[in-house]
Each structure stands twice: as C-alpha cells, then as structure tokens.
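Colleague: So that we are looking at the same thing, I have put the structure below in structure tokens.
Protein chains: 2
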Amino acid sequence: MKNLKKAALSAHKKYKGKLNVVSKVPLKTVKDMSLFYTPGVAEPCKEIAKKKELAYEYTSKGHTIAVVTDGSAVLGLGNIGTLAGLPVMEGKAALFKEFGNVDAVPICLDTQDTEEIIEAVKLIAPSFGGINLEDISAPRCFEVEERLIKELDIPVFHDDQHGTAIVCLAGLINALKVVKKKKDKVRTVISGAGAAGMAIAKLLMKYGLKDIILVDSRGSIYDKRQGLNDIKKKMAKLTNRKKIKGGLKEVLDGADIFIGVSQPNVATKEMIASMNDGAIVFAMSNPDPEIRPKDAKAGGAAVIATGRSDYPNQINNVLVFPGIFKGALEARASKITDKMKIAAAEALAKLVKTPTANKVIPGVFHKGVAEAVAKAVKKFA
Amino acid sequence: MKNLKKAALSAHKKYKGKLNVVSKVPLKTVKDMSLFYTPGVAEPCKEIAKKKELAYEYTSKGHTIAVVTDGSAVLGLGNIGTLAGLPVMEGKAALFKEFGNVDAVPICLDTQDTEEIIEAVKLIAPSFGGINLEDISAPRCFEVEERLIKELDIPVFHDDQHGTAIVCLAGLINALKVVKKKKDKVRTVISGAGAAGMAIAKLLMKYGLKDIILVDSRGSIYDKRQGLNDIKKKMAKLTNRKKIKGGLKEVLDGADIFIGVSQPNVATKEMIASMNDGAIVFAMSNPDPEIRPKDAKAGGAAVIATGRSDYPNQINNVLVFPGIFKGALEARASKITDKMKIAAAEALAKLVKTPTANKVIPGVFHKGVAEAVAKAVKKFA
Chain P
1 MKNLKKAALS AHKKYKGKLN VVSKVPLKTV KDMSLFYTPG VAEPCKEIAK KKELAYEYTS
61 KGHTIAVVTD GSAVLGLGNI GTLAGLPVME GKAALFKEFG NVDAVPICLD TQDTEEIIEA
121 VKLIAPSFGG INLEDISAPR CFEVEERLIK ELDIPVFHDD QHGTAIVCLA GLINALKVVK
181 KKKDKVRTVI SGAGAAGMAI AKLLMKYGLK DIILVDSRGS IYDKRQGLND IKKKMAKLTN
241 RKKIKGGLKE VLDGADIFIG VSQPNVATKE MIASMNDGAI VFAMSNPDPE IRPKDAKAGG
301 AAVIATGRSD YPNQINNVLV FPGIFKGALE ARASKITDKM KIAAAEALAK LVKTPTANKV
361 IPGVFHKGVA EAVAKAVKKF A
Chain F
382 MKNLKKAALS AHKKYKGKLN VVSKVPLKTV KDMSLFYTPG VAEPCKEIAK KKELAYEYTS
442 KGHTIAVVTD GSAVLGLGNI GTLAGLPVME GKAALFKEFG NVDAVPICLD TQDTEEIIEA
502 VKLIAPSFGG INLEDISAPR CFEVEERLIK ELDIPVFHDD QHGTAIVCLA GLINALKVVK
562 KKKDKVRTVI SGAGAAGMAI AKLLMKYGLK DIILVDSRGS IYDKRQGLND IKKKMAKLTN
622 RKKIKGGLKE VLDGADIFIG VSQPNVATKE MIASMNDGAI VFAMSNPDPE IRPKDAKAGG
682 AAVIATGRSD YPNQINNVLV FPGIFKGALE ARASKITDKM KIAAAEALAK LVKTPTANKV
742 IPGVFHKGVA EAVAKAVKKF A
C-alpha cells in the first residue's frame, strides 16, 4: 500500500492530470478553418438559434457531460475541498471515456451551499448533454439532485447514490440465485444511511425486496425515532416495518443480506453467524470493508462481495456509470428513471452466465459491459 | 459562399461537434485503475488538500481553460442565445488545442445577467487554469472581465477585446514601418466602439499612439457628448482631444490609420482618399469589411488588411489567443497585463522579417506563432 501511494503520486505528477480536450475535426488548411470556424461556423449557429434540438446534431452536446462536485464527500476522505477532489473527477471523466466513450468534463464548484450548487449547475447546463453529480455529501446531495432533475431537461445522476445502488442490485440478483432465495422473502440490512445507503434501499424496494432495515451510526432507523432528518424520516416509514431497534448486532440476527456502505470493521464474524443460512454479505466500504472476507466466511456467509479488486466479486460503479450515460445520451433521455436503473442492473447481472459464490458480478474489464447497460437503458428511455 | 454554407453544415453534422475529452493516462489493467482511480487517486487529493498549488502538479488544471459565453454577441450574428453560440465555442476550443496545445472547455452560460455571469464563472473556476471570455456583448463584457480579473486568481481574458487589439497592434507595428511613419505622430480613427474598438483604443494608447478618435453609430466620441455610457465617457476623456465632431467622413479627413471593427461598407473610396498619404486601412468587419480592399486601394490606401483569408494581411485572433494562454499558463501568471499584451504584439510583428504592403502580419499557419507569442508573454509574466 505504501508503494502504491508513492507510485500513484508520481504517476499523477508525470502525466500532469488525466485529461486532454482534443479536436476531432481537421484544422490544417484555410478551407478547414473556414468550414469549422469563421465564416462557416455561423451556419450551425443559425440553425441552432432557430431550433435548439439541433445542438445534438451540430455540436458535442449530445456526447458530453459534466462531472460536478463540491468536494464535500470525496472518496472516503470526507470534506477535503473542491479542488482537492479534482483528481477523482478527472479519473471519473477518464473512465467515462475509456469505458463508455462518453466525453466528460470535471467541474469543481467553489461552493458547498445547496442553492449555489443548484444555480451553478443550471447556469452551465446548456453545453452539456447530462450532469453526473459526484462526491457531494448527504443529505444535501438528495435535494441538489431532486431539484436539478426537476429543473433541467437533461439527465442528472448522482453516481454515489444510483451507480452504487445499480451495481449492488446487479450483484444481489445473482447472489440470490446462488443461495436460491426469492427477492420478496429476504430480510436486508443496510449499514450506512448516507447517499449510497438511501439509494440502495430505494432501488431494492422498487425491485421488489420487501423487508429492509437501514442502520446509521445511532442504530437502526425506525418510524418516530428521535432526531431523524427529513429523508431518514421518510425512509423510516417505508422500511423496518417491525420497528426492530438496536445496532447492527441486533438487526443482523435472522437477516439474509448484509449490505455495508459505511465504515471499516463495523461487523463481526459473530454477527454474520447470527444471520440466516445462505447469508449474502456485500461489505463495500473502501478500501477497508465492514468485515474482512475471511471473517465473513468464518461467520458462514455464502456469498461475499467487496469494493476491492483483490477479492472476488468487486462491486465497482465503473460497471454502471459509463453505460448509464451512454444509453441515456444515445436515447436523448431527459431523465434516468427507476425502470432504466433496474433494467441496467438486470442487464449487468445477466452478463454472468452461471453465477457462483465467487462470481456474482462481471469484472471491471469484462467486454461489452457499458454496451449491455446502455442497451438496457435505451430500451426504457 | 452558398456552397461553403452547405459544406459547413454537413461537416458539423458529420463530426457531431468538434471536441472529445480523452484520457491521457492508461486505464487498461487493474493496476492502472488502482493508480489513477481508487485507491491510488486519494494520494494527490490529500496533497492538494494540504497545499492548493499542487493542483498544478497533479491535475490538468494547469493546461486547461474554460471558454465562456452568454451568447449575446456571437460572431456578427448578435444575440442568438447561448446554446447557438456553442459551435463557435467548440471551434475556439479546437483552435486553442491545435495551435497552442491548450485544453479548452466550452461553457455556454444560461444567463445574460452581468452578476450571474460573474457568479457562475467564479463558481466553476477551481478546475480551470484560466478563463477565456467569448462573444459577450459590450458594455456588459467590460464589467464582467474587470470584476473577474479582480476576484479570481487565474488569468481572465476577453478575446474579442484583447485578442483583436493585440493582433491589430501587431499588424500596425509593421504597417507603420511600411509607410515610414512614427507611432506618436499618427492620427488613428477607430470605427466601432464596442468590445474590440475600446480595447484597440486602449492598447494603442498604451503602446504610444497619441491621437485616437473613436466613432460609434452616432458619430465621433468626444468629451461631454450627450448620452455616453460610462466606458465611453471615460474613453472620451482620453481620446479625440481636439473634440472633432461628425461622422466617419469628417474624422477620416487627415487621418493616417483607419481601423474598422464595426459594420460592412461604412467607409467609401472618397473617405479613404481624404486621409493622409500612406494611409493604413484595417477593415476587419467579418465576413464583409467596412470597405472592400479594391475600393480602399482606389482611394489610395498604402496598406490594407481585413479579417478574411482570401485577401492579403488577415487580422485573425487565432494568431494571438492560443499563445497568450499558453504563455500565461506555463508561467502560472495570475493576470494578463498590458505589458504582456504589447510584448505579444511585438513578438507577432517580428515574425514578419521584411514587412511589405501585402505582408504586415504572419499567416494563420505560419510556424511557431503560438510559441513566439507564449515566450513573449512569459517574459513579462
């Protein structure tokens, strides 16, 4: 790990960032210049002035998105500031291009105020075909996303929420097959009630999982618990119908699925052992999971996934976000709906022909992932 | 021209815009991913969080600028709206890369309100090393630029003002050599008191031209003329000391230099004939100049320049803006000063070894232009 840290720093220094903005048109002759710059460029301008939609024909809008952050929740590093988030935004943009052929521009906003974030994104929206929100902390991220979805006519997607939820659902679809359980008969415990936890809970419910318990740093969330914020209050009405109280230890007893999007080492072998037979454990805190795979295994887990590339079953958003935007842009969708998200998860799950305990999700470099996800998204756009 | 229009439309359609955002780092293996994305990417993030300046080492900030418009003064098309300006912004960005190896991102702002433009640019500034303002109408552009220069720590440059002024000055430096006149002895008439006209007047004065008369649609600008806006009031005190009144016809009588940044066909052969011997005529309205070269010649002009590529002496901003930002970024300048602008003009002029009436400015594809301009800019940064 120490070597990796040094290598990462020197690689970033060597390349001076990860992105280039390049011309895809020839600009080598006077004729090229007169076609793509003055006077020729006036023609597409005039056409777009007459009919806005033609921007998708004559400009890069239709294949270009903004990757927007305020730097308030960067990786597991927390609120390190917007500029310090830029290496992640550039990495994300590079992955968008590499995996989905989507052109992505990092935008680090110099504000962490909800209204200013919304206003800034609305002001820069015209030149983009979509907005990927990134590393904005909860609960602010919920309002930012909700408002932008309502107020813009291009798709807005907070990847930390929905990318994570979709790839998690894809893995669960296959994990349930491995342990031969039905989606409407299982109890799921989600450790972490931030951006990812909330989105996972919502998407699993939409998909048909009925018994879900969210756990935050103060324990299980239930209706009428004191001091809940608005979004948690709302979720408290939809989850944990039996109002089970207590910490992870109490709620994992008799559960079928454990999903961790919280902190390293919050779960123990004993807690996993208290789950039902055929337990599914997705410990996705990164780089250190909620429980180490060998401890989860010792506790009797049947299927184990993490966020890491050095264990089987890596739950990695890169399996989802490039294809989601590729599909949404190609379909010129104005929104990314729950149907599109579930279709994406199902398409991703299907890429594993025969799911096994060690293979519930395709690897990051599995061929055709973005294409399969994009195709599913377009079908429901 | 009709063929060019059709060709320009179909070329824009074929390429679907002019830009791609590409990764310059390898992302082909698990190791690549762990260096440039999680977990390795956390390291440059942490370094930048400790020391902001390191963004220039570890990210693309140091070679990336935003090309920002509000669509209020696009080419000669006027206020066609921000999205309709996108083909021009993309063209500009493509030229930045092609000629200056500067990575440029088009940002079309969904507002034409001065305060909102300023606010939006400030909010998106962190991920950029510079801001090129583009096609924002006068007089709003003056306040937008002035405020942003003051409030941001990265260079802000309104190309329609200063790019035009610098390339114009470069051409004049050589034209004065051709007609053997001294900069402090000539009278200059500038037709057009918008963004370009104002900036040209200011830069020529800084360079040492003493007798300048600005002309707007209501005639010559002079101190105490009724109904002048703030910027014109200010310029009225610095120009036209003899308070010559009237239209172009009146003020061109006895002038040495005519600079047109206004409307097609506002000048006549007779007006040019009324200028002093060795008249210099830069008729830069595009695509149709203030006077056709053959009429200017018939009127006795000694040196004629236009904005067009099909006549000698094309006064084209592309000779300036890529090098200006290349130099400013390489020097990590926080501002682009008048000294840097004059140095850029002088360096550009010097590229023409032996100026003649038909060669006062290098051609657009002259080798090493951006490098020479950048070098001069860096020297004074």
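Read top to bottom, the protein sequences are chains P and F. Residue numbers are given in our numbering: position 21 of the first sequence equals residue 21, and the series is strictly consecutive. Residue numbers are given in our numbering: position 346 of the second sequence equals residue 727, and the series is strictly consecutive. Ideal Cβ positions, reconstructed from N, Cα and C, are used throughout, including at glycine.
1. Between residue 468 of chain F and residue 543 of chain F, is the Cβ-Cβ spacing less than 8 angstroms?
2. Which residues share a DSSP beta bridge with residue 594 of chain F?
3. Name the chain P residues that come within less than 8 angstroms of residue 690 of chain F, Cβ to Cβ?
4. If we define contact as Cβ-Cβ less than 8 angstroms, is residue 428 of chain F a contact residue for chain P?
5. Compare the C-alpha of residue 625 of chain F against each of F/588, F/439 and F/568 and name the closest.
6. For residue 23 of chain P, does the count of other Cβ atoms within 10 angstroms reach 16, so buried, or fall short, so exposed?
7. What did DSSP end up calling residue 335 of chain P once you bin it into helix, strand or coil?
8. Could you work out which residues of chain P lie near residue 667 of chain F, taking near to mean beta carbons separated by less than 9 angstroms?
9. In chain order, what residues of the stretch 489 to 500 of chain F put their CB closer than 7 angstroms to some CB of chain P?
10. Report yes or no: is there a C-beta of chain F within less than 8 angstroms of the C-beta of residue 7 of chain P?
11. Within 10 angstroms of its Cβ, does residue 775 of chain F collect 16 or more other Cβ (buried), or is it exposed?
12. Quick one: list the residues of chain F neighbouring residue 86 of chain P, beta-carbon separation under 9 angstroms, in chain order.
13. Tell me which residue opens and which closes the alpha helix (DSSP H) that residue 391 of chain F is part of.
14. For chain P, is any of its Cβ atoms less than 8 angstroms away from the one on residue 398 of chain F?
15. What do you reckon, are the CB atoms on residue 517 of chain F and residue 502 of chain F nearer than 8 angstroms?
16. Residue 313 of chain P CB to nearest chain F CB: under 8 angstroms?
17. Would you check if there are 3 or more beta carbon pairs closer than 8 angstroms linking the stretch 485 to 500 of chain F to the stretch 420 to 431 of chain F?
18. What separation, rounded to the nearest whole angstrom, lies between the Cα atoms of residue 573 of chain F and residue 669 of chain F?
19. Less than 8 angstroms between the CB atoms is what I'm expecting for residue 498 of chain F and residue 451 of chain F, so what's the real figure, rounded?
20. For residue 96 of chain P, I'd like the list of residues in its chain whose CB is within less than 6 angstroms of its CB, leaving aside the five on either flank, ordered along the chain.
21. Which of the residues in the stretch 553 to 581 of chain F, read from start to end, lie with their CB under 7 angstroms from any CB of chain P?
22. I need the boundaries of the beta strand (DSSP E) containing residue 106 of chain P, first residue and last residue.
23. What is the DSSP secondary structure of residue 543 of chain F, counted as helix, strand or coil?
24. So, helix, strand or coil for residue 421 of chain F, using DSSP?
25. Taking the beta strand (DSSP E) that residue 509 of chain F belongs to, which residues open and close that run?
26. Measure how close the beta-carbons of residue 683 of chain F and residue 560 of chain F come, nearest whole angstrom, since I'm counting them as under 8 angstroms.
27. Counting only Cβ pairs nearer than 7 angstroms, list the residues of chain A close to residue 12 of chain P.
28. Mapping DSSP to helix, strand and coil, what is residue 400 of chain F?
29. How would you list, in chain order, the residues of chain F whose beta-carbon sits under 9 angstroms from the beta-carbon of residue 80 of chain P?
30. For residue 743 of chain F, tell me which candidate among F/400, F/680 and F/688 has the shortest Cα-Cα distance.
31. Go to residue 305 of chain P, then tell me how far its beta strand (DSSP E) extends in each direction, as first and last residue.
32. Taking the continuous alpha helix (DSSP H) assigned at residue 653 of chain F, which residues delimit it?
33. Measure the Cβ-Cβ separation of residue 508 of chain F and residue 108 of chain P and say whether it is below 8 angstroms.
34. Where residue 157 of chain P and residue 234 of chain P are concerned, what is the direct C-alpha to C-alpha distance, given to the nearest angstrom?
35. Is DSSP giving residue 446 of chain F helix, strand or coil here?
36. Based on the DSSP secondary-structure assignment, which residues constitute the bridge partners of residue 133 of chain P?
Modeller: Looking at the coordinates:
1. No, these two residues do not count as a Cβ contact at 8 angstroms.
2. DSSP output for residue 594 of chain F lists F/570 as bridge partner(s).
3. Using a Cβ-Cβ cut-off of 8 angstroms, residue 690 of chain F is close to 30, 33 and 34 of chain P, given in chain order.
4. Yes, contact with chain P.
5. The shortest C-alpha separation from residue 625 of chain F is found at F/568.
6. By the neighbour-count rule (16 or more Cβ atoms within 10 Å), residue 23 of chain P is buried.
7. The three-state secondary structure of residue 335 of chain P, taken from DSSP, is coil.
8. Chain P residues near residue 667 of chain F: 38 and 39.
9. The stretch 489 to 500 of chain F vs chain P, Cβ under 7 angstroms: 489, 490, 491, 492 and 497.
10. For residue 7 of chain P, a Cβ of chain F is located within less than 8 angstroms of the residue's own Cβ.
11. This structure leaves residue 775 of chain F out entirely; chain F is present only between 382 and 762.
12. Listed by position along chain F, the residues whose Cβ is nearer than 9 angstroms to that of residue 86 of chain P are 425, 426, 429, 436, 439, 440, 441, 442, 507 and 508.
13. It spans 383 to 396 - the alpha helix (DSSP H) in which residue 391 of chain F sits, taken as one unbroken run.
14. Chain P, which has a Cβ nearer than 8 angstroms to the Cβ of residue 398 of chain F, makes this yes.
15. Going by C-beta atoms, residue 517 of chain F is not nearer than 8 angstroms to residue 502 of chain F.
16. No - not a single Cβ of chain F is within 8 angstroms of the one on residue 313 of chain P.
17. The stretch 485 to 500 of chain F makes no contact with the stretch 420 to 431 of chain F; the number of CB pairs closer than 8 angstroms stays below 3.
18. One Cα belongs to residue 573 of chain F, the other to residue 669 of chain F, and the distance between them is close to 15 angstroms.
19. The Cβ separation is near 6 angstroms, so the contact holds.
20. Same-chain partners within the cutoff: 102, 104 and 322.
21. If the cut-off is 7 angstroms between Cβ atoms, the stretch 553 to 581 of chain F has nothing near chain P.
22. In this chain, the beta strand (DSSP E) harbouring residue 106 of chain P covers 103 to 108.
23. Residue 543 of chain F falls in the helix class under three-state DSSP.
24. In this structure, residue 421 of chain F counts as coil in the three-state DSSP scheme.
25. Membership of residue 509 of chain F in any beta strand (DSSP E) is not indicated, and neither H nor E is assigned to it by DSSP.
26. Indeed, because the Cβ distance is near 5 angstroms, the residues count as touching under 8 angstroms.
27. The structure shown contains no chain A; its protein chains are P and F.
28. Note: residue 400 of chain F maps to strand in three-state DSSP.
29. What residue 80 of chain P touches in chain F: 426, 427, 429 and 430.
30. Considering only alpha carbons, the answer is F/688.
31. Per DSSP, the continuous beta strand (DSSP E) segment holding residue 305 of chain P begins and ends at 303 to 306.
32. If you look at residue 653 of chain F, you'll find it in the alpha helix (DSSP H) that goes 650 to 654.
33. In contact: residue 508 of chain F and residue 108 of chain P (Cβ atoms closer than 8 angstroms).
34. C-alpha separation (whole angstroms): 21 angstroms.
35. Note: residue 446 of chain F maps to strand in three-state DSSP.
36. DSSP lists P/68 and P/158 as partners of residue 133 of chain P.
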